[in-house]
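Residue numbers (this note's numbering), protein chains in the order written: chain A, 827 to 1251; chain B, 72 to 533. Backbone N, C-alpha and C define an ideal beta-carbon position, used for all residues, glycine too.
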Amino acid sequence: MSDSKTLIKIQHSLTRRNRAEARFRWYGRIAILIGLMAVALLFIDIVSKGHGAFRATYINLDIRYDADLIGIDNLSDTEQLSAGNWQALPKSALRERFPDVSGRRDKRRLNNLLSNGAGFDLKDRLLASPTLLGKTESVWVLADDDIDTYYKSWLDGNAYEARLTDQQIQWIGELHEKGLIELKFNSNLFNRGDSREPEQAGIRGAVMGSFLTLVMTLMLSFPIGVCAAIYLEEFAPKNRWTDFIEVNINNLAAVPSIIFGLLGLAIFINFFHVPRSVPIVGGLVLTLMTLPTIIITSRAAIKSVPPSIREAALGMGASRYQMVLHHVLPLALPGMLTGAIIGMAQALGETAPLLMIGMVAFIVDIPNGFSDPATVLPVQIFLWADSPERAFVEKTSAAIMVLLSFLIAMNTTAVWLRRRLERRW
Amino acid sequence: MQATHLLFLLIVLGLFSFYVSRGRSLALANPLGGIRNLHSLPSYYGLHAALWCTLPATFLLGIWLIFDEIVINAMVMTDLSPELIPSDNANYNLILNKVSNIANGILPRESQPIGLLDAADNMLSLNVVSQWSITLLIITLAMSGLAWSSHKLKPDFRARPAVERVMQNLLLACACVAIFTTLGIVFSVLFESIQFFRSVPIYDFVFGLEWSPQTAIREDQVGSSGSFGAIPLFVGTLLVSAVAMFIAVPIGLMSAIYLAEYADSKVRTYAKPALEVLAGIPTVVYGFFAALTVAPFLRDLGASVGLTISSESALAAGGVMGIMIIPFISSLADDVITAVPQSMRDGSLAMGATQSETIRKVVIPAALPGIVGGIMLAISRAIGETMIVVMAAGMAAKLTANPLESVTTVTVQIVTLLTGDQEFDSPKTLAAFALGLMLFTVTLLLNIFALHIVKKYREQYE
Chain A
827 MSDSKTLIKI QHSLTRRNRA EARFRWYGRI AILIGLMAVA LLFIDIVSKG HGAFRATYIN
887 LDIRYDADLI GIDNLSDTEQ LSAGNWQALP KSALRERFPD VSGRRDKRRL NNLLSNGAGF
947 DLKDRLLASP TLLGKTESVW VLADDDIDTY YKSWLDGNAY EARLTDQQIQ WIGELHEKGL
1007 IELKFNSNLF NRGDSREPEQ AGIRGAVMGS FLTLVMTLML SFPIGVCAAI YLEEFAPKNR
1067 WTDFIEVNIN NLAAVPSIIF GLLGLAIFIN FFHVPRSVPI VGGLVLTLMT LPTIIITSRA
1127 AIKSVPPSIR EAALGMGASR YQMVLHHVLP LALPGMLTGA IIGMAQALGE TAPLLMIGMV
1187 AFIVDIPNGF SDPATVLPVQ IFLWADSPER AFVEKTSAAI MVLLSFLIAM NTTAVWLRRR
1247 LERRW
Chain B
72 MQATHLLFLL IVLGLFSFYV SRGRSLALAN PLGGIRNLHS LPSYYGLHAA LWCTLPATFL
132 LGIWLIFDEI VINAMVMTDL SPELIPSDNA NYNLILNKVS NIANGILPRE SQPIGLLDAA
192 DNMLSLNVVS QWSITLLIIT LAMSGLAWSS HKLKPDFRAR PAVERVMQNL LLACACVAIF
252 TTLGIVFSVL FESIQFFRSV PIYDFVFGLE WSPQTAIRED QVGSSGSFGA IPLFVGTLLV
312 SAVAMFIAVP IGLMSAIYLA EYADSKVRTY AKPALEVLAG IPTVVYGFFA ALTVAPFLRD
372 LGASVGLTIS SESALAAGGV MGIMIIPFIS SLADDVITAV PQSMRDGSLA MGATQSETIR
432 KVVIPAALPG IVGGIMLAIS RAIGETMIVV MAAGMAAKLT ANPLESVTTV TVQIVTLLTG
492 DQEFDSPKTL AAFALGLMLF TVTLLLNIFA LHIVKKYREQ YE
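What follows is the structure, given as structure tokens:
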């Protein structure tokens, strides 16, 4: 009697417990699903916002390179060239497209269809082939960012009019019917530096800045990190000093990155008078920041070389330095390189410390050396994300896509390197 | 000569000494009957010479690079004609800047006061003197190093141990960079903070309830007296971090448990790296996502159910930060859960417990210290996280515990106070360093404590 009662009790509790078990499993699945959805959502959001920026709106105009209109008479006189009214070229050509537009205000609105850098593009074109002077050719001219935003959204079916007037929208409609306005590959995005005008802004300067800063970081942090790792793994005596170094490295790995910015500002800029905003100081700060990562991964790589190799080398009469340099180091190198790439990926994505050391400046020129003022890709993203123009949202997302593809490439290389070169003992 | 040219010269000299000394050692060895009569391999003699030739000179070059400009500036300013002598610090820097701009040809020489022109000429001539003297000094030093090494070069000279001693010291110096970095951080935040606490009492800073760092530029300006009470910032930081942990801990922990205990190897190989993608995304991307996608979405969502959610709410910033921290917690938890010995699981399962009961009553309690350590590391990351809050949280310091409102954090204030050009003597910029000191201290304590727990835990099962 009592036996069957217990059995029933157990049976009941068993169903309850099994249900709890199933529930618990589902919590786990849901947690992973949320994580994966966050990844997917992030990428979809960025791509859907940014894919448009790879194409820009251009307007077809019949440009007549009229020297009088520009106000020059000699193409080799640089002073004249820089004083010339280049914007008059596309303006007059546009007025010829719409001859019935009159009145000051309407003319100004018509001119607003064009990017205010359009004239300088034509200048470059003319200087590249001076025989064009006095002739007429049909050119695709860059449109203003408001027009660009409107035209893209209008093509997608939900027009975003914003600051455009009905008249301007009508002009765009007319141009579209005649096939004189078109989306073309946005080469400006990859060839230009920063600009206040979204349609003329590009990431070339930021990419170059990132590249220079990373080269500086790699040149400093890889040798120092590898040397430190060799010392700690192979030569350091077990004493308090060594322990202190290890504690320091572990803690530095967890110090907020912005603190390194404060360090850079107070020590490098204020004390050593390194100039602001240059890749040198950015590289120094990022070196200190990535050093713990590189030391820790290099140590793991050295540790994974089996002791038998060391013993064999020592047995053959090598000194400890010869053992390390000729045998341990070559075997540990793939692991160290993986660590270096991961550290560089970390440095490439870092923003906060660079804000402190002046790499947020608005810099139009593309940096060519380690001491040219520069900004880096993540900081450029931050600056553009802060800009009020709607067209910059698209640009920001595009810059993020470029940054992410660099990071993905670096991390894939690191994984590939690890699989390909690392030996299992 | 420029520093880069000098460095290049040193490299060339180093290579030269290497080959010369190696050749000389070979020449010494030949009449004796081969290199086996030398104490060390010939390349060590070469290395010895190269090190002696380049190292002292490089050291000198480094010192010169640091002090050259400082010394020259001081000399120029002491020789300044009396009517231009600056009255205060700001003026000093202004005049110095003018002088160096004239000297470098950035400012045109016309229409400048004669005193400044003299100073600029003085600066130029001092520069020339300094560059020539450093060039001469370095060449002399390099050559005497080479001479010293050649003087010691004999068949029984123990070159290898000598070279290895130098290398050992170089390696040690590299390892000590970590210590110097920590020292640099401590000194840079501490000194500026002490200066700050001279003008603002430390008690007012740590316990003050109002934060408005705008100091008056003119004496009679209204409403910008500047108050530096950091409590609203601390509360804001804690609020954002709490929201982040509220999202990251359950999701991170549950996914770690599922991946470690339930998932088959196929799910593990794909899901784990996919989750870790979240850790590799730069924070500025999260910031953009939070500010332009999540925050407007939450605001509209709130509006549709009648809640006013600020467009810079702590919820948006904290939520996105939580997503960022998920992989951090899950990988740390994964490590400690897999470190729990299988025998403990087997014992529990053998007693008839279901798998989830085993996990909840045996595995998690056993792994708890490690998990707590991981969570503490995650909190320290959340507190120190900058870009997400800079882009998605507010600027105004509000003392509130409502995650739907806009708050500001310690890191946001550090960035806003220090971005752009700043002078170093106003309490406004110094306040950023005081905040940095707080941030560094808190994260350091959290890290040390967490690392200690994790280490203790690891020892327990190893």
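Simplified DSSP assignment, three categories, for residue i
{"i": "residue 1147 (chain A)", "result": "helix"}
{"i": "residue 115 (chain B)", "result": "helix"}
{"i": "residue 224 (chain B)", "result": "coil"}
{"i": "residue 335 (chain B)", "result": "coil"}
{"i": "residue 940 (chain A)", "result": "strand"}
{"i": "residue 884 (chain A)", "result": "strand"}
{"i": "residue 280 (chain B)", "result": "coil"}
{"i": "residue 253 (chain B)", "result": "helix"}
{"i": "residue 182 (chain B)", "result": "coil"}
{"i": "residue 487 (chain B)", "result": "helix"}
{"i": "residue 966 (chain A)", "result": "strand"}
{"i": "residue 378 (chain B)", "result": "coil"}
{"i": "residue 1183 (chain A)", "result": "coil"}
{"i": "residue 1061 (chain A)", "result": "helix"}
Pairwise C-alpha distance: residue j and residue i
{"i": "residue 1131 (chain A)", "j": "residue 307 (chain B)", "result": "48 Å"}
{"i": "residue 993 (chain A)", "j": "residue 987 (chain A)", "result": "12 Å"}
{"i": "residue 449 (chain B)", "j": "residue 316 (chain B)", "result": "8 Å"}
{"i": "residue 844 (chain A)", "j": "residue 1177 (chain A)", "result": "49 Å"}
{"i": "residue 1202 (chain A)", "j": "residue 1012 (chain A)", "result": "21 Å"}
{"i": "residue 395 (chain B)", "j": "residue 437 (chain B)", "result": "27 Å"}
{"i": "residue 408 (chain B)", "j": "residue 371 (chain B)", "result": "40 Å"}
{"i": "residue 1204 (chain A)", "j": "residue 353 (chain B)", "result": "8 Å"}
{"i": "residue 833 (chain A)", "j": "residue 406 (chain B)", "result": "40 Å"}
{"i": "residue 197 (chain B)", "j": "residue 1053 (chain A)", "result": "39 Å"}
{"i": "residue 400 (chain B)", "j": "residue 858 (chain A)", "result": "13 Å"}
{"i": "residue 333 (chain B)", "j": "residue 325 (chain B)", "result": "11 Å"}
{"i": "residue 374 (chain B)", "j": "residue 1219 (chain A)", "result": "24 Å"}
{"i": "residue 1199 (chain A)", "j": "residue 1110 (chain A)", "result": "15 Å"}
{"i": "residue 235 (chain B)", "j": "residue 1128 (chain A)", "result": "19 Å"}
{"i": "residue 1022 (chain A)", "j": "residue 90 (chain B)", "result": "56 Å"}
{"i": "residue 1253 (chain A)", "j": "residue 1231 (chain A)", "result": "Shown here, chain A extends from 827 to 1251; a query on residue 1253 (chain A) therefore has no answer."}
Burial state of residue i, where buried means 16 or more other Cβ atoms lie within 10 Å
{"i": "residue 135 (chain B)", "result": "buried"}
{"i": "residue 1222 (chain A)", "result": "buried"}
{"i": "residue 1099 (chain A)", "result": "exposed"}
{"i": "residue 479 (chain B)", "result": "buried"}
{"i": "residue 953 (chain A)", "result": "exposed"}
{"i": "residue 1005 (chain A)", "result": "exposed"}
{"i": "residue 282 (chain B)", "result": "buried"}
{"i": "residue 997 (chain A)", "result": "buried"}
{"i": "residue 1059 (chain A)", "result": "buried"}
{"i": "residue 379 (chain B)", "result": "exposed"}
{"i": "residue 1235 (chain A)", "result": "exposed"}
{"i": "residue 240 (chain B)", "result": "exposed"}
{"i": "residue 1185 (chain A)", "result": "buried"}
{"i": "residue 1194 (chain A)", "result": "exposed"}
{"i": "residue 962 (chain A)", "result": "exposed"}
{"i": "residue 842 (chain A)", "result": "exposed"}
In chain order, what residues of the segment 437-466 of chain B put their CB closer than 9 Å to some CB of chain A? 448, 451, 452, 454, 455, 456, 457, 458, 461, 462
Cβ-based contacts, 9 Å cut-off: residues of the segment 347-359 of chain B near chain A: 348, 349, 351, 352, 353, 354, 355, 356, 357, 358, 359
With 7 Å as the limit, tell me which residues of the segment 1018-1031 of chain A have their beta carbon closer than that to any beta carbon of chain B; keep them in chain order. none
When the Cβ atoms of the segment 1102-1118 of chain A are set against those of the segment 1075-1082 of chain A, are three or more pairs found closer than 8 Å? At 8 Å Cβ cutoff, the stretches touch.
Using 8 Å as the threshold, is the segment 421-435 of chain B in touch with the segment 513-522 of chain B, meaning 3 or more CB pairs across them? Touching, no.
Spell out a yes or no on whether the segment 878-898 of chain A and the segment 958-972 of chain A are touching, meaning 3 or more CB-CB pairs, one atom from each, closer than 8 Å. yes
How about the segment 1084-1101 of chain A and the segment 251-271 of chain B: do they share at least three Cβ pairs that are nearer than 8 Å? Counting Cβ pairs under 8 Å, three or more are found: they touch.
Members of the segment 1178-1211 of chain A that neighbour chain B once the beta carbon cut-off is set at 7 Å: 1178, 1181, 1182, 1186, 1204, 1207, 1208, 1211
Where the segment 863-875 of chain A meets chain B: residues whose CB sits under 8 Å from a CB there: Considering only beta carbons, the part of the segment 863-875 of chain A lying closer than 8 Å to chain B consists of 864, 865, 868, 871, 872, 875, in chain order.
Beta carbons nearer than 9 Å to chain A: which residues of the segment 218-250 of chain B have them? 231, 232, 234, 235, 238, 239, 241, 242, 243, 244, 245, 246, 247, 248, 249, 250
Chain B contacts made by the segment 1092-1108 of chain A, where a contact means CB separation under 7 Å: 1092, 1093, 1096, 1098, 1099
What are the residues in the segment 894-919 of chain A lying within 9 Å of chain B by C-beta distance? none
Meets three-Cβ-pair contact criterion under 8 Å: the segment 211-231 of chain B and the segment 80-89 of chain B: yes
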